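Residue numbers (full-length UniProt numbering): 1 to 921. Every residue, glycine too, gets a C-beta built ideally from N, C-alpha and C. Note that the coordinates shown come from a computational prediction; the quantities given were computed from them, not determined experimentally.
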């Protein structure tokens with residue numbers, strides 16, 4: 001093996017080999033276990049959330065594959081209607097081509113060309129993460145099979161009366177000219193204004209004052225609402241107001257929704273331009289006046305002076321006109337959440353328009369019951385409450401989008417507006433006997449969530465009853481984030497129950513979001529985004545700066561992000577490799593919680609990879625070309641250390657399996673880390689040296705140690721493989737022949753299972769005692785500043801007979817690992833010289849100080865360290881006692897100073913104790 005672990009040299013070659021050999025395909029044997037990948041957008045590239053999610057699915061898939069299950073990880077991508085159309089449209093614009101002039105059919109051809117050439121970025125990145133999906137079954141939500149399934153579902157729901165056309169309020173993007181889902185709307189706080197307007201009572205008896213953040217919408221007001229319990233306005237309920245600038249009379253209504261404490265307690269109601277007002281408008285049967293065109297310009301429902309004006313120009317004009325009429329009260333600065341489209345950034349408008357809808361209330365009933373009765377289990381369980389809350393108050397689902405790219409709605413209209421639904425126009429004509437009647441197909445396409453809601457069964461061949469569908473459906477678990485419980489998880493449950501009469505998955509594992517080390521959401525504007533591929537391959541500082549600042553519209557923001565990036569990564573980002581990144585994810589994956597991604601962790605797990613590599617080199621150097629006892633002739637002898645590490649391996653196997661079954665990837669990775677780093681590498685490998693390096697040790701004992709070294713390493717590699725696939729495959733290929741294992745790849749080897757017969761409680765206890773003694777001696781060395789290379793004597797007293805036995809049985813281990821030149825057992829009443837002491841139970845370990853340290857020199861050294869530390873502490877305490885610093889510095893800066901203070905105080909106490917101890921010698 002090479003002296004150092006170089007992940008870049010092994011990852012690509014191993015993945016290519018795995019994929020080409022078809023190792024990711026179902027075996028056809030064992031119990032079925034299947035996961036459907038949440039289909040990433042075909043336009044997408046891998047981000048930290050994807051990386052986290054895919055590694056969780058992959059560890060489950062690799063684990064079950066090694067357990068002998070018939071394992072399928074179904075992969076595919078989503079056609080991403082808006083995102084894909086935008087990408088291709090911008091490419092065409094750069095070439096001077098207008099989409100509308102090009103025409104729908106030619107444009108769709110361009111999209112397919114783009115998809116074939118550039119649409120696979122994220123799937124290649126998934127390969128870099130070692131995702132063992134069955135690429136031979138890769139699906140696309142616009143491929144022929146899935147398109148057929150979409151049509152089948154639409155037609156059946158329409159025939160059942162569960163799909164209909166209706167006029168309702170939707171999120172409207174006035175730049176893209178389409179309805180968008182809530183998930184495609186990002187609402188962030190922005191600075192704005194709150195305008196107060198006076199609305200005169202029609203009878204001349206006074207006025208009411210209302211407040212709004214969108215003055216232009218007042219032209220569509222159809223009521224003013226007050227709370228029925230508000231004594232200020234009870235006498236006005238039912239009276240009329242003359243709406244300024246329009247001359248229309250609108251009523252004063254009472255509704256419990258109105259907050260008496262907010263503003264004046266009077267709320268203007270514009271049902272066609274506000275979602276809350278829309279619901280109130282329905283309750284009170286108010287008119288709904290749509291003021292806008294598709295471009296968000298004022299339409300003919302607005303008074304003549306405002307028609308054709310852009311919504312924001314109209315806003316300015318309305319304020320000026322009301323001010324001229326003396327009806328503008330005041331203008332307050334106001335922070336509000338502004339809804340913007342996540343693709344183009346345009347401000348989204350609530351817009352009254354005719355769309356296609358699914359009767360979600362009907363479909364939701366069996367979906368609610370499936371979770372209530374435990375057929376589907378959410379992990380963590382508290383997410384069931386979020387699911388129920390939304391499902392029990394579900395609104396009908398708007399499924400139409402005003403785009404060209406997507407599944408075109410299979411509906412046709414005649415000149416009178418009659419609707420005919422079918423798979424194609426010929427079927428429609430035959431079904432309804434329309435002859436040559438002119439028909440026009442609906443121009444809209446279906447929401448991408450519509451096709452992805454069929455994902456678990458459409459990818460397996462439905463509506464045909466395929467062998468795959470019978471084998472792998474329902475799927476075993478869905479792994480996803482909480483943010484799409486409503487948009488995807490719930491809709492899959494509804495659709496699958498309706499069309500398959502069975503659940504889509506048995507469990508839903510909800511993971512948290514990946515945040516930065518300070519707990520902040522990762523966003524380009526904050527400059528804290530990390531790219532998983534950059535962490536794997538590394539990236540130099542200038543490239544990282546350019547990557548983070550590209551596309552920034554505001555120069556000041558770009559400069560701020562550049563400065564922060566140069567401070568955070570002065571040398572760029574090092575290459576950590578896939579295995580280190582994956583293990584970092586697992587270490588943070590406690591159920592349902594958001595994770596703070598700390599660069600210190602991934603650096604630590606890169607060191608963990610190096611530790612494993614170096615351990616393997618040591619094992620191979622001491623076992624290759626030696627008899628390792630793999631012939632099972634039982635002519636070998638196991639040392640205490642051998643029996644102990646075998647026993648500890650069983651505990652680890654049990655803990656890892658239990659943690660994986662409970663989706664506690666953090667606990668599984670912790671158990672592996674503790675065993676490999678602390679028990680196998682730091683202790684067992686060291687305990688093996690006195691046996692292997694002792695020329696007088698029996699050959700059978702050496703053989704037993706070599707056998708244990710290689711067999712425990714080989715088993716540990718299999719145990720670790722689902723978490724760190726690349727390094728384990730590379731080492732296993734060298735180790736397997738020595739351990740009498742055969743096979744082409746580690747991923748198809750059996751996963752290690754706990755064996756109670758190999759638990760050795762006596763060995764566990766004896767080695768634990770030995771470790772305590774060695775650690776005790778090493779602590780004394782550290783506290784007294786005694787060189788690790790200097791052999792020292794130790795005295796032992798007050799021990800039990802069991803302590804005496806253990807000391808004699810392990811004398812060679814102690815002499816070697818604790819660097820002891822002799823051990824003396826003091827009899828009861830026998831005096832001991834001035835010594836430093838450590839305790840192991842009731843047994844005292846004494847290290848005589850005479851001749852080991854220069855007492856005066858050591859006290860002087862400690863005095864200097866204490867003085868230096870005290871000055872640093874005084875400086876920190878001075879800052880923390882300064883109100884200007886505490887009140888004005890960022891909270892995280894103050895907290896770091898407090899943490900530093902606490903750490904320094906602990907060190908100071910320890911140094912003072914050490915000085916006092918030495919002074920008594």
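Checklist entry - Smallest Cα separation from residue 723: which of 46, 62 and 11? => result 62
Checklist entry - For residue 242, which residues from the same chain have a beta carbon less than 7 angstroms from its beta carbon, with the 5 sequence-adjacent residues on both sides left out? => result 200, 202 and 249
Next on the checklist: If we require 3 or more residues per run, which beta strand (DSSP E) segments fall completely within the stretch 226-302?
Outcome noted: 240-242, 249-254 and 267-269
Checklist entry - Taking residue 739 as the reference, which of 748, 775, 336 and 708 has the closest Cα? => result 708
Checklist entry - So, do the stretch 12-28 and the stretch 129-149 have three or more beta carbon pairs nearer to each other than 8 angstroms? => result yes
Checklist entry - Out of 485, 183, 266 and 263, which has the shortest C-alpha to C-alpha gap to residue 343? => result 183
Checklist entry - Anyone know if the C-beta pair for residue 588 and residue 535 falls short of 8 angstroms? => result Not in contact: residue 588 and residue 535 (Cβ atoms no closer than 8 angstroms).
Item to check | Cβ contact check for the stretch 201-219 and the stretch 229-247: 3 or more pairs under 8 angstroms | outcome: yes
Checklist entry - Can residue 845 and residue 893 be called in contact, C-beta distance under 8 angstroms? => result no
Next on the checklist: The alpha helix (DSSP H) that contains residue 683, what's its start and end?
Outcome noted: Looking at the DSSP string, residue 683 is not in any alpha helix (DSSP H), and its letter there is neither H nor E.
Checklist entry - Who are the near neighbours of residue 435 in its chain, counting only those whose CB is closer than 8 angstroms to its CB and skipping five residues on each side? => result 429
Checklist entry - Can a CB atom of chain C be found closer than 8 angstroms to the CB of residue 456? => result Absent from the structure: chain C. Only one protein chain is present.
Item to check | Extent of the continuous beta strand (DSSP E) to which residue 617 belongs | outcome: It is not in any beta strand (DSSP E) - residue 617 instead sits in the alpha helix (DSSP H) that spans 599-623.
Checklist entry - So what's residue 648 in DSSP terms, helix, strand or just coil? => result helix
Checklist entry - Going straight from the alpha carbon of residue 323 to that of residue 208, what length do you get? => result 16 angstroms
Checklist entry - Nearest CA to the CA of residue 470: which residue from 550, 72, 578 and 87? => result 72
Checklist entry - What are the complete beta strand (DSSP E) segments, minimum 3 residues, inside the stretch 450-482? => result 475-481
Item to check | Start-to-end residues for the alpha helix (DSSP H) that takes in residue 774 | outcome: For residue 774, the uninterrupted alpha helix (DSSP H) run begins and ends at 761-784, by DSSP.
Item to check | Length of the line joining the Cα atoms of residue 608 and residue 673 | outcome: 8 angstroms
Checklist entry - How is residue 330 classed by DSSP in three states: helix, strand or coil? => result strand
Item to check | Beta-carbon gap between residue 39 and residue 121 smaller than 8 angstroms | outcome: No; because the gap between Cβ atoms is not below 8 angstroms, this pair is not in contact.
Checklist entry - For residue 350, which of 815, 340 and 357 has the nearest alpha-carbon? => result 340
Item to check | Cβ neighbour criterion (16 or more within 10 Å) applied to residue 58 | outcome: buried
Checklist entry - What residues in its chain sit with their C-beta under 8 angstroms from that of residue 865, if we drop five residues either side in the sequence? => result 911
Checklist entry - Under a three-way DSSP split, which group does residue 560 fall into? => result helix
Next on the checklist: So, for residue 625: in the same chain, excluding its five sequence neighbours on each side, which residues have a beta-carbon less than 7 angstroms away from its beta-carbon?
Outcome noted: none
Checklist entry - Taking DSSP as the reference, what is the three-state secondary structure of residue 504? => result coil
Checklist entry - According to DSSP, which residues form a beta bridge with residue 398? => result 357
Checklist entry - For residue 632, which option in 704, 683 and 653 has the closest C-alpha, if you only look at C-alpha atoms? => result 704
Next on the checklist: Per the DSSP calculation, residue 930 is bridged to which residue(s)?
Outcome noted: The question about residue 930 has no answer here: the residues shown for the chain are numbered 1 through 921.
Item to check | Length of the line joining the Cα atoms of residue 636 and residue 808 | outcome: 22 angstroms
Checklist entry - Where does residue 842 land, buried or exposed, given buried means 16+ other C-beta within 10 angstroms? => result exposed
Item to check | For residue 341, the residue or residues it bridges with in DSSP | outcome: Partner(s): 185.
Checklist entry - When DSSP builds the beta bridges, which residues end up paired with residue 166? => result 355
Next on the checklist: According to DSSP, is residue 596 part of a helix, a strand, or is it coil?
Outcome noted: strand
Checklist entry - Would you say residue 167 and residue 353 are within 8 angstroms of each other, going by their C-beta atoms? => result yes
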